[in-house]
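The next block holds one structure in the form of structure tokens; read it before the comments.
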Amino acid sequence: RYRLLLQKQPGMLGEVVNVQVTLPLGAQVISASPEPITSYSLDQPILEFRVDLLSDEWVEIIYR
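Under the working numbering, the residues of the sequence shown are numbered 662 to 725, in order.
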């Protein structure tokens, strides 16, 4: 399991945040939240997320 907390800074307007996560070799994604905008595999699985950061948001990937 991989979890990342994106925190909106007080007083700032919302902004779009792009996150790219590279998983270990041989990993298989079971679920991801939010839904990735794209995913692909070079030597390892890679997932890309785009989050509209209006409040604190979690990016979570469950894999095996």
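Heads up, the beta-carbon is just placed ideally off N, CA and C, and yes, glycines get one too.
As the structure is a prediction and not an experimental result, all values here were calculated from the model.
Can you pull the DSSP bridge partners for LEU715? The partner list for LEU715 (beta bridge, DSSP) is empty, contrary to what the question assumes.
Helix, strand or coil for ALA688, going by three-state DSSP, please let me know. Three-state result, ALA688: coil.
Between PRO697, VAL720, ALA693, LEU715, which lies nearest to GLU673 when the distance is taken from Cα to Cα? It is Met, not Glu, that sits at residue 673 in the sequence shown. When each option's Cα is compared against that of MET673, the closest is LEU715.
Near PRO695, which residues of its chain fall below 8 Å by C-beta distance, leaving aside the five closest residues on each side in sequence? PHE710, VAL712, GLU718, VAL720
Beta strand (DSSP E) segment containing LEU703, residue limits: Where LEU703 is concerned, there is no enclosing beta strand (DSSP E), given that its DSSP letter is neither H nor E.
If you follow the beta strand (DSSP E) that GLN668 is in, where does it begin and where does it stop? Per DSSP, GLN668 belongs to no beta strand (DSSP E) and is neither H nor E.
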